[in-house]
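Under the working numbering, the first residue of the sequence shown is numbered 538, with each subsequent residue one higher.
Even glycine gets a Cβ: it sits at the ideal position worked out from N, Cα and C.
Taking it in order: structure first as structure tokens, then the write-up.
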Amino acid sequence: MEQRHLGRTGLRVSRIGLGTLTWGRDTDEHDAADQLKAFWDAGGTLVDTADVYGGGEAEYLLGRLAGSLVPRQDLVIATKAGNVPDPYRRVNG
């Protein structure tokens with residue numbers, strides 16, 4: 538798989554990333570493991586996740602699987618953070 542420089546970080550990542558949005562929700566641990574292994578075997582190194590994917594389960598699964606299935610030190614993990622909406626918070630503009 539083609540690799541690209543990630544900005545000025547000095548990191549090289551696969552041109553295609555593996556998204557984990559469905560992990561822990563629609564994708565169980567067995568299928569997540571199959572996806573990660575197939576992605577790695579195809580030359581993939583960039584994995585995208587977030588603490589809200591699968592109610593936090595996606596990051597948990599990635600942590601469990603990376604290292605046992607693929608060399609963790611060779612993965613680049615992208616995540617994100619944000620505000621959890623508060624239905625009781627009122628914004629006055």
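- If you keep only unbroken alpha helix (DSSP H) runs of at least 4 residues inside the segment 572-622, you get 594-602.
- Classified as buried, L598 has 16 or more neighbouring CB atoms from the shown chains inside 10 Å of its CB.
- Taking all protein chains shown into account, G544 has fewer than 16 neighbouring C-beta atoms within 10 Å of its C-beta and is therefore exposed.
- Scanning K617, G592 and V584 for the CA closest to the CA of R562 turns up G592.
- Per the DSSP secondary-structure output, G556 pairs in a beta bridge with D585.
- Rounded to whole angstroms, the gap between the alpha carbons of V621 and G556 is 21 Å.
- When the five nearest sequence neighbours on each side are left out, the beta carbons in the same chain lying within less than 8 Å of the beta carbon of G581 are those of M538, S551, I553, G554 and L555, in order along the chain.
- Pairing A615 with D585 gives a Cβ-Cβ distance under 7 Å.
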